[in-house]
Amino acid sequence: MLIRTHNCGQLRETNIGATVRLAGWVNAYRGHGTGLVFIDLRDRYGVTQVVFDGEQHDPDTMKLADHLRNEDVIAVEGTVRIRVGGENPKLVTGKVEVVVSKFEVLGKTDPLPFLPDDSGSGGKLANEDIRGKYRYIDLRRPAMQHILSSRHRLYQSTRRYFDENGFLEIETPILYKSTPEGAREFLVPSRNVPGSWYALPQSPQLFKQILMVAGCDRYMQICRCFRDEDPRADRQAEFTQIDLEMSFVRREQVMEMMEGFVRRLWKDMCGYDVPPIPRMPYREAMERFGIDRPDTRYGLEITDISEVAARTDAAFFTETLAKGADRPRFNSKRGVVKAIRIPGGAEKLTRKLTDGYHEFVRSFGAGGCAAVKVNAQGDFETGIAKFLAPVKNELFAVLGLRPGDTVLFVADLYAVATKALGELRQKVARDIGLIPKPGSEGGPWNFLFVIDFPMFERDKESGRWIAMHHPFTAPRDDQADAFVHADVNDEITIESIVSAGYDIVLNGQEIAGGSIRIHDRTVQSKVFQLLGMTPEQAREKFSFLLEALSYGAPPHGGIAFGLDRLVMNFVGTANIRDVIAFPKTQTGQDLMTSAPSKATDEQLRDVFVKSTHEPPRG
RNA sequence: GGGGCGGUAGCUCAAUUGGUUAGAGUACCGGACUGUCGAUCCGGUGGUUGCGGGUUCGAGUCCCGUCCGCCUCGCCA
7 MLIRTHNCGQ LRETNIGATV RLAGWVNAYR GHGTGLVFID LRDRYGVTQV VFDGEQHDPD
67 TMKLADHLRN EDVIAVEGTV RIRVGGENPK LVTGKVEVVV SKFEVLGKTD PLPFLPDDSG
127 SGGKLANEDI RGKYRYIDLR RPAMQHILSS RHRLYQSTRR YFDENGFLEI ETPILYKSTP
187 EGAREFLVPS RNVPGSWYAL PQSPQLFKQI LMVAGCDRYM QICRCFRDED PRADRQAEFT
247 QIDLEMSFVR REQVMEMMEG FVRRLWKDMC GYDVPPIPRM PYREAMERFG IDRPDTRYGL
307 EITDISEVAA RTDAAFFTET LAKGADRPRF NSKRGVVKAI RIPGGAEKLT RKLTDGYHEF
367 VRSFGAGGCA AVKVNAQGDF ETGIAKFLAP VKNELFAVLG LRPGDTVLFV ADLYAVATKA
427 LGELRQKVAR DIGLIPKPGS EGGPWNFLFV IDFPMFERDK ESGRWIAMHH PFTAPRDDQA
487 DAFVHADVND EITIESIVSA GYDIVLNGQE IAGGSIRIHD RTVQSKVFQL LGMTPEQARE
547 KFSFLLEALS YGAPPHGGIA FGLDRLVMNF VGTANIRDVI AFPKTQTGQD LMTSAPSKAT
607 DEQLRDVFVK STHEPPRG
């Protein structure tokens, strides 16, 4: 076999005259019969043109060369020379070509289901199901090779940064104990302990805390996590986190370390200097943006106009405002009227769009969305204009209205109106083209720390308290006393406790989340109690953690980044499957290997499992 | 679990209101061709219209069920 001396992206004018060997895939063939044949040879590094000249080969060899087809694997030996037919500026190797003296077909291909060409046939890629089934062909596309290599660079940059900062990379178990609080888990039956099951970790949360108790001081891991929930375009059941934990820190130190990491990563990945990352309390994010991960690349902020709306005769405002009662810090239970001013909306937002917004907010539980335009004379027009006339001046002042604007209103309970307008704000921004493409297109990267989350919220279904982040999140330092002394039945106090959690938000996307952890057994027990766990239940599930906390636990905290989403940002895709070498579909299937698949009766017997699945009839 | 879009040649798509033998590009096969670079030109092979049922004189097209892919709500401590 001819062993290559160079790769297909390497040869330049300086190599002219050299005898070289290349190997790779046939990317294109351009034959002129037995007289002259061109082959574009491709590997991960690039494309090089190789030439078969009829004067140097017998007709049988030329015939063989003339029948090379896309994706045949070949190796060639030959001489580098300047391109006789002129440069091809599309290729980095485009000034030279290799005149073949010897060649071997290393792997003849069968006809392919599709060609790994980024432009695809007719400018379109094959559909995702067919590309998934033949993933190894799709991954040959230069765009996919670029993504794999970007992901690799991200791993390396990450490991360098944390190594330089004294973090130990430590692996934690994949076969793990079930802790059924958060997401649904994947279960693995045990053979040696009949009737018992492992779970795959939703995250290494408890292990990394215990590593702190174990004196590891600083831990990091690029780890696989598993959550058996329905996927989305940016979510897979099996995904990767950059997970870390630090001892003897408060949230300032963790956030500083994270800001340094983000700065390093963006510098390494795309040469971008991340400016100081601003911080925004959760409540402010909810008030101004209606969401805990605000996209701060554009305005369209939300304004509470309840006071003004109360002075109108509009029953759909005043009836809503009469509902409920306020709460001191979070989770307000009152009825509110909120509005978004859309500058220039009178022109940009068609009737069809604003009608659509009514339906859109209804899908988030709101009663509807009203719209008014401000005409050139500065008067309200259309929709609920007549109800607003009496408070026109106040509305203009509080919303900063100008002729040509549109205002969108939602009146509902605080939580519903906030959520609906938060979602609507993003939809309007998309509709009128306010969102720049991040990264590669030169658009801005807007980072934000969101802090001061509530510790607890009510579960919508059961009405029980649940931890907003997770049950190991500590109260903010100045809240600890209030929390420890709070009556668990004192709803208003409990819901106003602020946690020591923090998220990093990039362009409206949560890319990392973490917290200072509870390192005090008493505080941890109180959290479990509040979450409705008896001491016995807490011990049953988390005895190892509670014990660990009782044997000399350092204060500690950490954070986890969603690695897949980071890569998505750097390579500019909205599809998480693009950045995972072997992804799964919406039903969690791997189209290439056909996982999941049936287990044999024998396999099931070995692990003491009996299937209750009834095969479909017929 | 709910909602939406889609499934026609290996691939990407078309096919009028339900109406003749389901077409095109590309890939593949054969042929021509000595400077191409998405080579070109000529010819050819290729179809269980996802699957099952129904309506109809007649179904790619309409109806019911089902499978698969994508988007989305719920869900994702």
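Heads up: the first sequence begins at 7 in my numbering, then just goes up one per residue.
The C-beta atom is built at its ideal place from N, Cα and C for all residues, glycine as well.
These figures come from a predicted structure and were not determined experimentally.
Taking only runs that begin and end inside the segment 401-440, name each unbroken alpha helix (DSSP H) of 4 or more residues, in chain order. Taken in chain order, the unbroken stretches of alpha helix (DSSP H) that lie wholly in the segment 401-440 and span 4 residues or more are 420-437.
Assuming VAL367 and ALA426 are in contact, meaning their beta carbons sit under 8 Å apart, how far apart are those beta carbons, in whole angstroms? Contact holds; Cβ gap of about 4 Å.
On the DSSP letters alone, give me the boundaries of the beta strand (DSSP E) that ILE310 sits inside. Looking at the sequence itself, residue 310 is Asp, so the reference to Ile does not match. Note, ASP310: beta strand (DSSP E), 308-310.
Counting only the same chain and skipping the five closest in sequence on each side, list residues whose C-beta sits under 6 Å from that of GLN215. ARG523, listed in sequence order.
Applying the criterion that 16 or more other CB atoms from any shown protein chain within 10 Å of the CB defines a buried residue, is GLN276 buried or exposed? In the sequence on display, residue 276 carries Cys and not Gln. Under this definition CYS276 is an exposed residue.
Whole runs of the beta strand (DSSP E) within the segment 325-367, excluding any shorter than 3 residues: Counting only runs of 3+ residues, the beta strand (DSSP E) found wholly inside the segment 325-367 occupies 341-348, in chain order.
Segment limits, alpha helix (DSSP H) that includes SER502: Unbroken alpha helix (DSSP H) run through SER502: 497-502.
Suppose you measure from the CA of ARG623 to the CA of LEU193; what does that come to, to the nearest Å? Because the pLDDT at ARG623 is just 39, under 50, the model does not fix this residue reliably, and the value given afterwards should be weighed accordingly. Using only the alpha carbons, I get a separation of about 28 Å.
Comparing C-alpha positions only, which one of PRO210, ARG157, TYR161, GLU191 sits nearest to THR178? Taking each of PRO210, ARG157, TYR161, GLU191 in turn and checking the Cα distance to THR178, the smallest one comes out for PRO210.
Among LEU17, GLU187, THR115, PHE462, which residue has its Cα nearest to the Cα of VAL105? Checked all of LEU17, GLU187, THR115, PHE462; the closest Cα to VAL105 is LEU17.
How many whole angstroms separate the CB atoms of LEU217 and TYR182, which I take to be in contact at a CB cut-off of 8 Å? At roughly 14 Å, the Cβ-Cβ gap does not stay under 8 Å, so LEU217 and TYR182 are not in contact.
If you draw a straight line from the alpha carbon of VAL43 to that of LEU70, how long is it in whole angstroms? The alpha-carbon atoms of VAL43 and LEU70 are separated by roughly 10 Å.
Since CYS276 is in the alpha helix (DSSP H), which residue starts that stretch and which ends it? CYS276 -> alpha helix (DSSP H) spans 257-276.
Comparing alpha-carbon positions, which option in GLU365, VAL255, ILE348, GLU400 lies nearest VAL378? Looking at the Cα atoms, ILE348 is the closest of the given residues.
Cβ-Cβ distance between GLY373 and ASP411 below 8 Å: Note that the C-beta distance between GLY373 and ASP411 is not below 8 Å.
Let's see if you can read the secondary structure: which residues bound the beta strand (DSSP E) around TYR508? Looking at the DSSP string, the run of the beta strand (DSSP E) that includes TYR508 is 507-512.
Could you give the first and the last residue of the continuous alpha helix (DSSP H) run that contains THR528? Per DSSP, THR528 is one residue of the alpha helix (DSSP H) stretching across 527-536.
In whole angstroms, what is the alpha-carbon distance linking VAL6 and VAL111? Shown here, the chain extends from 7 to 624; a query on residue 6 therefore has no answer.
Report the rounded CA-to-CA distance for THR479 versus ILE311, giving the unit in angstroms. If I take the Cα positions, the gap works out to 35 Å.
Counting C-beta neighbours from all protein chains within 10 Å, is the total for LYS604 16 or more, i.e. buried, or is it exposed? So LYS604 ends up on the exposed side.
Along the beta strand (DSSP E) that carries GLY138, what are the first and last residues, could you check? Note, GLY138: premise wrong, no beta strand (DSSP E); alpha helix (DSSP H) at 134-139.
Measure the C-alpha to C-alpha separation of PHE168 and LEU174 and round it to an integer number of angstroms. The alpha-carbon atoms of PHE168 and LEU174 are separated by roughly 8 Å.
I'd like to check one pair, PHE295 with GLY91: are the Cβ atoms closer than 8 Å? The Cβ-Cβ distance between GLY91 and PHE295 does not fall below 8 Å.
ASP437 and LEU359: beta carbons closer than 8 Å? Cβ atoms of ASP437 and LEU359: closer than 8 Å.
Taking only the alpha-carbon atoms, compute the straight-line gap between GLY520 and GLU365 and give it to the nearest angstrom. Approximately 35 Å between the Cα atoms of the pair.
Taking 7 Å as the limit between beta carbons, can you name the residues of its chain near SER617, skipping five residues before and five after? LEU610, listed in sequence order.
For GLN247, list the residues DSSP reports as bridge partners. Its beta-bridge partners are CYS229, GLY568.
Looking at the structure shown, is THR606 part of a helix, part of a strand, or coil, going by DSSP? DSSP, reduced to helix, strand and coil, places THR606 outside both helices and strands of the structure shown, so it counts as coil.
Distance, Cα to Cα, ASN513 vs ARG241? In this structure, the straight-line span from the alpha carbon of ASN513 to that of ARG241 is close to 17 Å.
Within 10 angstroms of its Cβ, does THR164 collect 16 or more other Cβ (buried), or is it exposed? Residue environment for THR164: buried (at least 16 other C-beta atoms within 10 angstroms of its C-beta).
Within a Cβ cutoff of 8 Å, which residues of the same chain sit near ALA580, ignoring the five residues on either side of it in sequence? Taken in chain order, the residues that qualify are ALA239, ASP240, MET574.
ARG87 bridges to which residues according to DSSP? By DSSP's assignment, ARG87 forms a beta bridge with GLU103.
Who are THR40's beta bridge partners in DSSP? DSSP, once it has assigned bridges, lists HIS38 as partnering THR40.
Suppose contacts are defined by Cβ-Cβ distances below 8 Å. Is ARG141 in contact with MET598 by that definition? Yes; because the gap between Cβ atoms is below 8 Å, this pair is in contact.
Minimum C-alpha distance to ASP116 - residue among VAL79, ARG137, ARG146: When C-alpha distances from ASP116 are compared across VAL79, ARG137, ARG146, the shortest belongs to VAL79.
Within the same chain, show all residues whose beta-carbon is closer than 7 Å to that of ALA435, passing over the 5 residues directly before and after it, in chain order. Around ALA435, the same chain offers TYR304, LEU306, ILE441 as residues with beta carbons nearer than 7 Å, after the five sequence neighbours per side are excluded.
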